[in-house]
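Novice:
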Amino acid sequence: MTSASTNVPAVALKGVSVAYGFAGGGRYEAVQPVDVSVEDGEFVAILGPTGCGKSTLLNIAAGLMPPSSGTSLIFGERLSGLNTVAGYLFQQDALMPWKTSRDNVAIGLEVRGMARAEALKQADAFLKKVGLASFGDRYPHQLSGGQKKRVALAQVLVREPKILLMDEPFGPLDAQTRLIMSELLLDLWQADRKAVMFVTHDLDEAIALSDRVLVMSAGPSSKIIGDFTIGLARPRDIAEVRSLPEFHILHNKIWNCLRDEVRKTYGLSDSKAGAAS
Amino acid sequence: MSRMKLLFLQVMVAVVGLTIWHLGSTVAIGVASNGKPVHLLPPFFFSTPWDVIKRVVTMFVEGSVYKHLMITLIEATLAFAIGGISGVAIGFWFARKPLVAAVFDPYVKMMNALPRVVLAPIFALWFGLGIWSKVWLGVTLVFFIVFFNVYQGVREVPQVVLSNARMLGMNERQLLRHVYWPAALSWVFSSLHTSVGFAVVGAVVGEYLGSSAGLGYLIHQAEGVFDVTGVFAGMVILMIFVMVIDFVVTMVEKPLLVWRPGETKTV
């Protein structure tokens, strides 16, 4: 762990729960009260079957939605409104389609009051870092899915957020591009460690990238059912790390925990049958 | 298909149409009991293409048409400007204030359901027979098109783009400028051809129902004296007029909508 002088976690969700009320008076509990904490400089993956509410936890940490109960502390301070020290990488395309890549990256600096010329300079530098040096003048619709993600990554990182929130950011990409993007993310992150909350349903991705993997149970009323420390040495090479024996041991351990939950979401069997197989 | 081939086929359609018109109105298919030739398209009702072309050329050469073109152009431009600006302003206001939108919703629907032609006489009464009765008729048409498009555009900004913009630190004013405004503008431009067309419709219909100048007036005058050639000539000029305006609109919107998908071509 690289947490600097303080021991205050970057993100601490305390007893956070999410429930939706329906117009008819019904109530749907999406997430049971959970505690999640991410240290400064720690890369935490939240793993779970689809629909378990892991993205919801991310939105709460971002301040995009309020929890039904519980509090979120950001570097020890109670969060109300938007989390201004966090950068959020969305699963879907979130770039402004009417702005070029360069403008999309620069805008986050401009709205802070930075002069446009300086913002554009930094945007160009960041586009270069994500390997899109010559794509600054392209509009999002002229980019491939992977290129759009790179722009989005630059857009978030150029603002130097203290916390990175990522919602299955590479989910819609093909397998090869995902691997390349994971490598890029790890390279950028290792250079300047920030607290990361990384939501995914991909077990390999979670182990390869993170320091800690939290496993969530299937919804409704999901909760955190597993907390695994990933002791693989850093800096890591995404491709190599997957062939290490420790990787497979961790993979088996976490998969045992996750398997029943995945089955539940598809209504395949109850937990007993899952354990027996 | 190549551009030339397409153009050729397009011209062929006109040639075939004009030929049928020409033959039908000039070649007699028999003789009536009173000794007059019988046509498939009697020239009294249909004129002939050649006469219409001669009339159009004469009107341009003599210069009598320019004054009317100018009047219609001014009316349509004013209708477009006033209708467009008020449509954008109110569309924005409604989209950002759901309560206002909800309160006015039935009235907007009622106003929009009303056929605008019935307003023409009352506008003539209120604003006189000059250009303003035509301008306001055009405004009632243009306003609703722009209004609905802006309203829709602002409300249908994808939630994820909005969340992202907020996470990038934008305040309300910055969201308006960098997210809502461009989103609405793209909808306005996609409806530009329609709204410009309606501005002309408003002007011409207004002139048609009571005026002393303009293309609608020309056509109405010709109809009044059963001058079918004059009516067709007026219609041809109106069509050319609208085509020219449409071309200008296309030129204006092209650089403004480069970011839109579907505009890229392989070279």
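Line by line, the protein sequences give chains A and B.
Using our numbering, the letters of the first sequence correspond one by one to residues 271 to 547.
Using our numbering, the letters of the second sequence correspond one by one to residues 2 to 268.
Glycine included, every Cβ here is placed at the ideal spot set by N, Cα and C.
1. Going by beta carbon distance, what residues of the same chain come within less than 7 Å of residue 211(B), once the five residues before and after it are set aside?
2. At what residue ranges does the stretch 345-422 of chain A contain a whole run of the beta strand (DSSP E), taking only runs of 3 or more?
3. Leaving out five residues on either side along the sequence, give the residues of the same chain with a beta carbon under 8 Å from the beta carbon of residue 459(A).
4. Pull up the DSSP beta-bridge partners for residue 289(A), would you.
5. Compare the C-alpha of residue 423(A) against each of 440(A), 411(A), 535(A) and 407(A) and name the closest.
6. Answer with yes or no whether the minimum CB distance from residue 536(A) to chain B is below 9 Å.
7. Just the C-alpha distance for residue 172(B) and residue 389(A), rounded to the nearest angstrom, thanks.
8. Would you call residue 464(A) buried or exposed, if buried means 16 or more other Cβ atoms sit within 10 Å of its Cβ?
9. Along chain B, which residues have their Cβ under 8 Å away from the Cβ of residue 360(A)?
10. Residue ranges of each alpha helix (DSSP H) run of no fewer than 4 residues wholly in the stretch 210-259 of chain B, ordered along the chain?
11. State yes or no: is the beta carbon of residue 180(B) nearer than 9 Å to at least one beta carbon in chain A?
12. Consult DSSP for residue 431(A) and reduce its assignment to one of helix, strand or coil.
13. Interface residues of chain A around residue 183(B) at Cβ under 9 Å?
14. Between residue 94(B) and residue 457(A), what straight-line distance do the alpha-carbon atoms span, to the nearest angstrom?
15. May I have the straight-line CA-CA distance separating residue 60(B) from residue 233(B), to the nearest angstrom?
16. Quick check on this structure: which residue in 529(A), 400(A) and 299(A) has the alpha carbon closest to the alpha carbon of residue 495(A)?
17. Within 10 angstroms of its Cβ, does residue 21(B) collect 16 or more other Cβ (buried), or is it exposed?
18. Note down, in chain order, each residue of its chain lying with its Cβ closer than 6 Å to the Cβ of residue 447(A), except the 5 sequence neighbours on either side.
19. If contact is defined by three or more beta carbon pairs under 8 Å, each pair taking one atom from either stretch, is the stretch 347-357 of chain A in contact with the stretch 310-327 of chain A?
20. Which residues mark the beginning and the end of the alpha helix (DSSP H) in which residue 337(A) is found?
21. Would you give the residue range spanned by the beta strand (DSSP E) that residue 148(B) belongs to?
22. For the beta strand (DSSP E) that contains residue 470(A), what are its first and last residues?
23. Which residues of chain B have a Cβ atom closer than 7 Å to the Cβ of residue 332(A), listed in chain order?
24. Assuming residue 53(B) contacts residue 230(B) (C-beta within less than 8 Å), just tell me the rounded distance between them.
25. When DSSP builds the beta bridges, which residues end up paired with residue 506(A)?
26. Skipping 5 residues on each side, what residues in its chain have a beta carbon closer than 8 Å to that of residue 165(B)?
27. Nearest-angstrom Cα distance between residue 170(B) and residue 284(A)?
28. Considering residue 21(B), what are the terminal residues of the alpha helix (DSSP H) in which it resides?
29. Can you give the beta carbon distance from residue 409(A) to residue 17(B), rounded, assuming they're within the 8 Å contact cut?
30. Along the chain, where does the alpha helix (DSSP H) containing residue 529(A) start, and where does it finish?
31. Taking CB distances under 9 Å as the criterion, tell me whether residue 150(B) reaches chain A.
Specialist: So, from the data block:
1. Counting only residues of its own chain and dropping the five nearest sequence neighbours on each side, residue 211(B) has a CB closer than 7 Å to the CB of 125 and 130.
2. When DSSP assignments are scanned along the stretch 345-422 of chain A, the uninterrupted stretches of beta strand (DSSP E) that are 3 or more residues long and fall wholly within it turn out to be 356-359.
3. 313, 434 and 466.
4. Per DSSP, the beta-bridge partners of residue 289(A) are 299(A).
5. Comparing Cα positions, the closest option is 440(A).
6. With a threshold of 9 Å between beta carbons, residue 536(A) makes no contact with chain B.
7. Roughly 18 Å separates the two Cα atoms.
8. Burial check for residue 464(A): the Cβ neighbour count within 10 Å reaches 16 or more, so the residue is buried.
9. Within 8 Å Cβ-Cβ: 161, 164 and 165.
10. The qualifying runs are 216-225 and 229-257.
11. Residue 180(B) belongs to the set of residues whose beta carbon lies under 9 Å from a beta carbon in chain A.
12. Coil at residue 431(A), not helix or strand.
13. Going along chain A in sequence order, the residues near residue 183(B) (Cβ under 9 Å) are 366, 367, 368 and 369.
14. Taking the straight line from one Cα to the other gives about 46 Å.
15. Residue 60(B) and residue 233(B): Cα-Cα distance of roughly 13 Å.
16. Out of 529(A), 400(A) and 299(A), 529(A) has the C-alpha closest to the C-alpha of residue 495(A).
17. If you draw a 10 Å sphere on the C-beta of residue 21(B), you find fewer than 16 other C-beta atoms in it, and that means exposed.
18. 416.
19. These segments do not touch.
20. DSSP places residue 337(A) outside any alpha helix (DSSP H), giving it a letter other than H or E.
21. Boundaries for residue 148(B): no beta strand (DSSP E) harbours it, while the alpha helix (DSSP H) harbouring it runs 132-156, taken from the DSSP string.
22. The continuous beta strand (DSSP E) containing residue 470(A) extends over residues 465-470.
23. Chain-ordered, the chain B residues with CB closer than 7 Å to the CB of residue 332(A) read 168.
24. About 6 Å separates the CB atoms of residue 53(B) and residue 230(B); that is less than 8 Å, so the two are in contact.
25. Residue 506(A) is not bridged to any residue.
26. Non-local beta-carbon contacts of residue 165(B) in its own chain, meaning distances under 8 Å to residues more than five positions away in sequence, are absent.
27. Their backbone Cα atoms lie some 25 Å apart in a straight line.
28. Unbroken alpha helix (DSSP H) run through residue 21(B): 4-27.
29. Contact between residue 409(A) and residue 17(B) is absent: CB atoms are separated by about 42 Å, not below the 8 Å threshold.
30. For residue 529(A), the enclosing alpha helix (DSSP H) has its first and last residue at 515-535.
31. Output row for residue 150(B): interface = no.
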